[in-house]
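Student: Have a look at the structure that comes next, please.
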């Protein structure tokens, strides 16, 4: 897997952006084929609920150079972690507003989470100790709320801060990279490779919260782009997923009363993406 990861971040991997790697010809499988570009644009428009946006080209949505054969991407992974252009995803304003940290589809909201849980029980309950890698801070979230969502392979794969606040602690956990059925997504938050970021919100009614980014398939990995002690603004980049599938969680203390906004989709395995940086919840 390490060798494959090296390849995906190399210049040689750009070939799959413009040609079918099996037939060595321009094909629909090429990531920058116009038909695939259209699918990526469709997913971005689906999240924004504005079908009129489909009339715009790929470069309207993503930072790239359409005059270059590879659109300016240095590797397949550089394409995978492509950035939205600055105007595409505005940041939800208001100190009582929680911003969606990823371009992702909601899976579920679970309240009154436990410090420990038996994973073999039906429903794959969350275990704060396992999710947070047995960090002592986990005890502050007992009885709190977990929001989990998952990312589409064609989606935007960078993470952004859900609140303005101070990065209190970062823990990068080396876990499994095994692919598992979608029904096991909650279980994977405790065993898969993941990054745990504790943020002390500027809003005292939120206080300490936690964002967990989980890499769940093949060589999926996490890169953090902030440091402990750093103050971040809501919507500021925290990091990104590389090379594979992913899910994420937001965890709040029991004193935080939240009303979630699912943007016309129903949480579950058939949910559609909610735009990154848009309102995902309001603190009551």
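Residue numbers (the working numbering): 406 to 689. The beta carbon of each residue, even a glycine, is placed where N, CA and C say it ideally should be.
Measure the Cβ-Cβ separation of residue 550 and residue 643 and say whether it is below 8 Å.
Tutor: Not a contact, by the Cβ cut-off of 8 Å.
Student: Can you check DSSP and say which residues form a bridge with residue 601?
Tutor: DSSP lists 576, 617 as partners of residue 601.
Student: Measure the CB-CB distance between residue 450 and residue 459 and report whether it falls below 8 Å.
Tutor: Closer than 8 Å, so yes.
Student: Look up residue 545 in the DSSP assignment and say whether it is helix, strand or coil.
Tutor: Three-state result, residue 545: helix.
Student: Do you know how far the Cα of residue 420 is from the Cα of residue 444?
Tutor: Whole-angstrom Cα-Cα distance: 20 Å.
Student: For residue 423 versus residue 475, is the C-beta distance shorter than 8 Å?
Tutor: It is a contact, given that the beta carbons lie within the stated cut-off.
Student: Does the segment 628–635 come close enough to the segment 556–572 that 3 or more CB-CB pairs lie under 8 Å?
Tutor: Verdict: yes, contact present.
Student: Taking the alpha helix (DSSP H) that residue 350 falls in, what are its first and last residues?
Tutor: A question about residue 350 goes unanswered here, because the residues of the chain that appear run from 406 up to 689.
Student: Enumerate in chain order the residues of its own chain whose CB-to-CB distance from residue 486 is below 7 Å, with the five nearest sequence positions on each side excluded.
Tutor: Same-chain partners within the cutoff: 562, 563, 645, 647.
Student: Can you say whether residue 508 is buried or exposed, counting buried as having 16 or more other CB atoms within 10 angstroms of its CB?
Tutor: Under this definition residue 508 is a buried residue.
Student: For residue 415 and residue 553, I'd like the C-alpha separation in whole angstroms.
Tutor: Roughly 32 Å between the two C-alpha positions.
Student: Of all the options 545, 544, 512, 448, which has the alpha carbon lying nearest to the alpha carbon of residue 529?
Tutor: Of the candidates 545, 544, 512, 448, the one whose C-alpha sits nearest the C-alpha of residue 529 is 512.
Student: For residue 556, name the three-state secondary structure that DSSP assigns.
Tutor: Residue 556 falls in the coil class under three-state DSSP.
Student: Looking at the secondary structure, which residues open and close the alpha helix (DSSP H) in which residue 465 lies?
Tutor: Element bounds for residue 465: 463–466.
Student: What residues are listed by DSSP as bridge partners for residue 474?
Tutor: The partner list for residue 474 (beta bridge, DSSP) is empty, contrary to what the question assumes.
Student: In whole angstroms, what separates the C-alpha of residue 592 from that of residue 522?
Tutor: About 10 Å.
Student: Taking the C-alpha atoms as reference points, what is the distance between residue 439 and residue 568?
Tutor: Their Cα atoms are separated by approximately 36 Å.
Student: Quick one, which of 619, 596, 608 has its alpha-carbon nearest residue 602's?
Tutor: The candidate whose alpha carbon is nearest that of residue 602 is 619.
Student: Is it buried or exposed, residue 599, if we count other Cβ atoms within 10 angstroms and call 16 or more buried?
Tutor: With 16 or more other Cβ atoms within 10 Å, it is buried.
Student: Please state the DSSP three-state secondary structure of residue 676.
Tutor: It is coil, neither helix nor strand.
Student: Residue 452 and residue 677 look like a contact to me (Cβ under 8 Å); what is the Cβ gap, rounded to whole Å?
Tutor: Confirmed, Cβ separation roughly 7 Å.
Student: Tell me the DSSP secondary structure of residue 415 in three-state form.
Tutor: Looking at residue 415 - three-state DSSP - the assignment turns out to be coil, as it is neither helix nor strand.
Student: Does the Cβ-Cβ distance between residue 385 and residue 538 come in under 8 Å?
Tutor: Outside the shown range of the chain (406 to 689) lies residue 385, about which nothing can therefore be said.
Student: Using alpha carbons as the reference points, say which of 689, 668, 683, 611 lies closest to residue 496.
Tutor: Among 689, 668, 683, 611, the Cα nearest to that of residue 496 belongs to 683.
Student: What would DSSP say about residue 439, mapped onto helix, strand or coil?
Tutor: Three-state DSSP puts residue 439 in a helix.
Student: Run through DSSP, which three-state label would residue 685 get?
Tutor: Three-state result, residue 685: strand.
Student: Taking its Cβ as the centre, do 16 or more other Cβ atoms sit within 10 Å of residue 649, making it buried, or is it exposed?
Tutor: Buried, by the Cβ-count rule.
Student: Taking only three categories from DSSP, how would you classify residue 539?
Tutor: In this structure, residue 539 counts as coil in the three-state DSSP scheme.
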